[in-house]
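Let me begin by presenting the structure, written as structure tokens, before commenting on it.
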Amino acid sequence: MKDLYEIGEVPPAGEVPKYMYASVIRRERYGEPEQAFATEVVETPGVGPGQVLIWVMAAGINYNNVWASLGYPVDVISMRQKLGHTEDYHVGGSEGSGIVWAVGAGVTNVSVGDHVVLAGGQWDELAEDVRTGTDHPVSKSMRAWGYETNHGSFAQFCLVSDFQCHPKPKRLSWAEAACFMVTGPTAYRQLFGWPGNVVRPGDVVLIWGGAGGLGSMAIQMSRIVGAIPIAVASSDERAKFCLELGAAGVIDRTEYDHWGRLPDTTDAAAMDHFLRGARKFGKAIWDTLGTKQLPSVVLEHSGQDTLPTSMYVCDNGGMVVICGGSTGYNGDVDLRHLWMRSKRLQGSHAANFREYREVINLIDAGLLQPCLSACGDIEDVGRFHQLLHENAHPSGNMAVRINATESGVNEVV
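Heads up: the sequence shown begins at 104 in our numbering, then just goes up one per residue.
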């Protein structure tokens, strides 16, 4: 029995080496993602009750590990150590695909050798709020695996709870299967998870960052149910990508200069500048549709720079649903728009077990494409996160091969 296997070298079935290769973040490297990640040898995690050890074939790239690399807004290593964890490093990765390698006591839903995709939501199924019916992502025990927790998918082996394992769609390559289990279920919950504002046929849906991983999923899902997606993008190339996915139109955000925090309502000049920009943006929606219809749902994740405009252009009784804050965390709202037009501002985080599985069913049926646009290997983890940090990433989703040899995509940026 060897203590360590090289990347691409497969251990004998059932053998768990003492050490593994992983793309690791350490506190002394906090900063730009490209410098924060480094491939190191660390201990292979042990498997406890209800847990599953996965031989990782590929891992998806998501914005949460940009935050982990920066050590901001949360120092995830220090956070876990305060809770009693001993590791002085972080192995990220909140989605992936792989092979079940070992199972802990009580695991019955998967067996050694199963091909699986991995969900990023991790909660305590014995938590009182879960047992009393609280939706999984709302549970106080909810954690983003591979961000708030350690031993994510950027390693030869990763450790998950058994309910994070779902059947891998057979038609996808390992890399394609690794790249949609964060963006897909997150968008699905935003669009269909909030009764009273569930997207329906004929609804207009405004999608910020339409060419990104989240946006590419949301455009397709909106079309599946007969809604009318309008994307926001920042270049002709990204606009073309959105249109090819099914967007009814694309608004170029670089043509506007009113972005940022909402001015004080007593500052007449600043408010006039904002309102001119917001009205111009709303008119662009009308021009795209050919009718004076406004979005029933606005899919938000950029936050600080765009939230005031999202709330302004959202239709009466509509919803702005937000899952992030890539431009900042201060969300300004003119409360008059909120209460007088009966609008809704809804936070949304990850997905529940049913929503993960329903997205996989859409993938299996060929109705939803994973939109893998770039694939590298474990040495590209930092570089790919740097591209996300700089908003220089290609359209769609990105992944890295860990133990897999094929990518499912030709482009490596």
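Glycine included, every Cβ here is placed at the ideal spot set by N, Cα and C.
What you are looking at is a predicted structure, and each value in this text was computed from that prediction instead of being measured.
Check	Outcome
On the DSSP letters alone, give me the boundaries of the beta strand (DSSP E) that Phe140 sits inside.	140-146
Using the three-state DSSP reduction, which class does Phe260 fall into: helix, strand or coil?	strand
Any idea what DSSP makes of Glu251, helix, strand or coil?	coil
Is the stretch 251-264 close to the stretch 292-304, with three or more CB pairs under 8 Å?	no
Give the secondary structure of Gly380 by DSSP, where H, G and I count as helix, E and B as strand, and everything else as coil.	helix
Just checking: is the beta-carbon of Tyr250 within a distance shorter than 9 Å of some beta-carbon in chain C?	No chain C is present in this structure, which holds just one protein chain.
Here's the rule: buried if 16 or more other CB atoms are within 10 angstroms of the residue's CB, otherwise exposed. What is Ala468?	exposed
Figure out for me which residue from Val219, Tyr166, Gln449, Ile481 has the closest Cα to the Cα of Glu403.	Gln449
Quick check on this structure: which residue in Leu173, Val353, Leu229, Arg486 has the alpha carbon closest to the alpha carbon of Asp390?	Val353
Please name the residue or residues paired with Gly174 in a DSSP beta bridge.	Bridge partners of Gly174: none, in fact.
If you pair each beta-carbon of the stretch 202-210 with each one of the stretch 448-467, do three or more pairs fall below 8 Å?	no
If you pair each beta-carbon of the stretch 353-366 with each one of the stretch 317-332, do three or more pairs fall below 8 Å?	no
If you count every other CB in all the chains shown that lies within 10 Å of the CB of Tyr175, and 16 or more means buried, which is it?	exposed
What number of angstroms, rounded off, separates the C-alpha of Trp226 from the C-alpha of Trp442?	34 Å
Tell me which residues share the same chain as Leu348 and place their Cβ nearer than 7 Å to its Cβ, disregarding the 5 neighbours each side in the sequence.	Ser319, Ile322, Gln323
In terms of DSSP beta bridges, what is Tyr291 paired with?	In the DSSP output, where bridge partners are listed per residue, Tyr291 has none listed.
Using 9 Å as the threshold, is the C-beta distance between Ala141 and Tyr133 below it?	no
Name the DSSP bridge partner or partners of Gly329?	Its beta-bridge partners do not exist; DSSP assigns none.
Looking only at its own chain, which residues have a Cβ that is under 8 Å from the Cβ of Ala238, when we skip the five neighbours before and after it?	Note that residue 238 corresponds to Asp in the displayed sequence, not to Ala. The residues are Asn455.
Helix, strand or coil for Gly117, going by three-state DSSP, please let me know.	coil
Is it buried or exposed for Tyr432, if we count other Cβ within 10 angstroms and need 16 for buried?	exposed
State the Cα-Cα distance for the pair Ile202 and Ile157, rounded to the nearest angstrom.	6 Å
Can you tell me the Cβ-Cβ gap for Ser200 and Ala116, rounded? I've got them flagged as a contact below 8 Å.	Not confirmed; about 19 Å, so no contact.
With DSSP collapsed to three states, give me the class of Met182.	helix
Is it buried or exposed for Asn212, if we count other Cβ within 10 angstroms and need 16 for buried?	exposed
Where DSSP assigns a beta bridge to Tyr124, which residues make up the other side?	Val144
Just verifying my parser: in three-state terms, what is the DSSP assignment at Ser244?	coil
If you drop the 5 nearest sequence neighbours on each side, which residues of the same chain put their C-beta closer than 7 Å to that of Tyr250?	Asn167, Asn168, Ala171, Val179, Gly195, Ser197
Quick test of the definition: if touching needs 3 or more C-beta pairs under 8 Å, does the stretch 299-316 touch the stretch 336-345?	yes
Residues in its own chain within less than 8 Å of Asn500 by CB, not counting five upstream and five downstream?	Gly163, Ile164, Cys282, Phe283, Thr286, Gly316, Ser319, Pro473, Cys474, Leu475, Ser476
Using three-state DSSP, classify Asp467 as helix, strand or coil.	helix
From Gln489 to Gly187, what does the alpha carbon distance come to, in whole angstroms?	30 Å
Is DSSP giving Met160 helix, strand or coil here?	strand
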